[in-house]
Amino acid sequence: KKSTLNPNAKEFNPSKPLLSVNK
Amino acid sequence: QEPLTASMLAAAPPQEQKQMLGERLYPLIHAMHASLAGKITGMLLEIDNSELLLMLESPESLHSKIEEAVAVLQAHQVTESSLKS
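Quick mapping for you: the protein sequence lines, in order, are chains A and B. Offset between the first sequence (1-based) and the numbering used here: plus 405. Offset between the second sequence (1-based) and the numbering used here: plus 14.
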């Protein structure tokens, strides 16, 4: 069956990072 | 972290409801597909909130939905790259 999910959906940005990543 | 309930969601404005659901879904998705987590979370957030709440309570249905999203995403990327080449 065809999926209803949309590959062009907007990316979700979490408000707080999961890991402490130093950029 | 306390579980997210329908009444907690209902108390928030619609845009915030998706953000709240996303904050719960994102770490679970990240554990399975770290590099695609943002995108997959965004795709799943287009699903009805009531269904998303059920998924948060049912890891099995969440996992199958995540796998579905990955498959859709990969099929889409293949289509895009074949159009470009």
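For glycine and all other residues, C-beta sits at the position ideal for the given N, C-alpha and C.
Within the segment 40-61 of chain B, contact with chain A at the beta-carbon level (separation under 7 Å) is assigned to Tyr-40, Pro-41, His-44, Gly-52, Lys-53, Thr-55, Gly-56, Met-57, Leu-59, Glu-60.
Using a C-beta cut-off of 8 Å, the segment 55-62 of chain B makes contact with the segment 36-43 of chain B, since at least three inter-stretch Cβ pairs fall below that distance. Per the coordinates, the alpha-carbon of Ser-21/B lies some 27 Å from the alpha-carbon of Asn-411/A.
For Leu-87/B, the closest Cβ of chain A is nearer than 7 Å. Spanning the alpha carbons of Asn-413/A and Lys-421/A requires a straight line of approximately 24 Å. When rounded, the separation of the alpha-carbon atoms in Ser-49/B and Phe-417/A is 12 Å. A Cβ-Cβ contact shorter than 7 Å links Lys-32/B with Leu-59/B. DSSP, read as helix, strand or coil, puts Pro-412/A in coil. Cβ contact annotation for His-44/B (same chain, cutoff 8 Å, sequence separation greater than five): Ala-51, in chain order.
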